[in-house]
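Taking the working numbering, I'd label the letters of the sequence shown as residues 1146 to 1303. To keep things clear, I will list the structure first and then write my remarks on it.
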Amino acid sequence: MALALHDLDEVIGDHTGLARAALEYTRLMKRLVDTGKEPGFSAECWAPVAELVAVDTFERIGPFKEVMNWAEYAAFLTQWAQASEWECSFRRVTETGSLVLLELEERSTTGGFSSTVNSATTYEYDADGKVIHLAVYLQMQLPAPETLASYEGIKITQ
1146 MALALHDLDE VIGDHTGLAR AALEYTRLMK RLVDTGKEPG FSAECWAPVA
1196 ELVAVDTFER IGPFKEVMNW AEYAAFLTQW AQASEWECSF RRVTETGSLV
1246 LLELEERSTT GGFSSTVNSA TTYEYDADGK VIHLAVYLQM QLPAPETLAS
1296 YEGIKITQ
């Protein structure tokens, strides 16, 4: 049985604590991706997201097991936002201790390639409520080879 999809704005008010923080992070990401096509958009434009993360210790592990620190992630996001359209729908969020699991349906178009994926992202927070670790898990159709080109030069763990 599939979970019903909802707009983030419909459900964000139903959540508090770190679950709400993960939803706010996602809503901010959407706003910034939407502005990514504007002239002058750069890695510095991610400063509002940087305020939500522990930039000195932050680590993101992506769907291909690529590992990025904050600077690498901001550069990756910049390239992606400049070339992509992205939106998401809420499935569910679970919070336990300093961990949040956020499940979304994500829809994106990059360079004429459109995809819809189910994502589950874990957010780990430090004692100050800053994100220290993101791990992204996706269910998706196999991407076209040109889609993977944006990962060139990114360190992949084995």
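All C-beta atoms, glycine included, are put in the ideal place defined by N, C-alpha and C.
Below 6 Å CB to CB, which residues in the same chain sit around S1295 once its five sequence neighbours on both sides are set aside?
For the purposes of this step, residue 1295 is taken as the residue at position 150 of the sequence shown. Within the same chain, S1295 has no close Cβ partners at all.
Would you mind working out which of A1226, Q1227, L1197 sits nearest W1215, comparing C-alpha positions?
In the sequence shown, counting from the first residue as 1, residue 1215 sits at position 70. For W1215, the nearest C-alpha among the options comes from L1197.
If V1276 sits next to A1192, beta carbons under 8 Å apart, how far is it from one beta carbon to the other, in whole angstroms?
The residue given as residue 1276 occupies position 131 in the sequence shown. The residue given as residue 1192 occupies position 47 in the sequence shown. Contact between V1276 and A1192 fails: their C-beta atoms lie close to 15 Å from each other, not under 8 Å.
Entirely enclosed alpha helix (DSSP H) segments - the stretch 1180–1222, minimum 4 residues
1192–1195
Is it true that the CB of K1182 sits closer than 8 Å to the CB of Q1227?
As a first step, residue 1227 is located in the sequence shown; it is residue number 82 there, counting from the start. As a first step, residue 1182 is located in the sequence shown; it is residue number 37 there, counting from the start. Yes, the pair counts as a contact, with Cβ atoms nearer than the cut-off.
Contact defined as beta carbons within less than 8 Å: I believe V1156 pairs with L1177. What is the distance between those atoms, to the nearest angstrom?
As a first step, residue 1156 must be located in the sequence shown, where it is residue number 11. As a first step, residue 1177 must be located in the sequence shown, where it is residue number 32. Their Cβ separation, rounded to whole angstroms, is 20 Å, which puts V1156 and L1177 out of contact at 8 Å.
Cβ contact check for the stretch 1236–1250 and the stretch 1217–1224: 3 or more pairs under 8 Å:
The stretch 1217–1224 and the stretch 1236–1250 do not touch, with fewer than three beta-carbon pairs separated by less than 8 Å.
Over the uninterrupted alpha helix (DSSP H) stretch that includes E1155, give me the two end residues.
To locate residue 1155, count along the sequence shown from 1; it is residue 10. E1155 -> alpha helix (DSSP H) spans 1153–1156.
Close beta carbons around H1278, own chain, < 6 Å, minus the five adjacent residues each side:
The sequence position of residue 1278 within the sequence shown is 133, counting from 1. Cβ within range, chain order: E1204, E1269.
For E1291, name the three-state secondary structure that DSSP assigns.
Looking up residue 1291 in the sequence shown gives position 146. Helix, per DSSP.
Distance check for T1267 and V1281, CA to CA, integer angstroms please.
Residue numbering aside, residue 1281 sits at position 136 when the sequence shown is read from its first letter. Residue numbering aside, residue 1267 sits at position 122 when the sequence shown is read from its first letter. Between V1281 and T1267, the C-alpha separation is close to 7 Å.
Measure the C-alpha to C-alpha separation of F1235 and G1158 and round it to an integer number of angstroms.
Translated into the one-based positions of the sequence shown, residue 1235 becomes position 90. Translated into the one-based positions of the sequence shown, residue 1158 becomes position 13. Those two C-alpha atoms are separated by around 13 Å.
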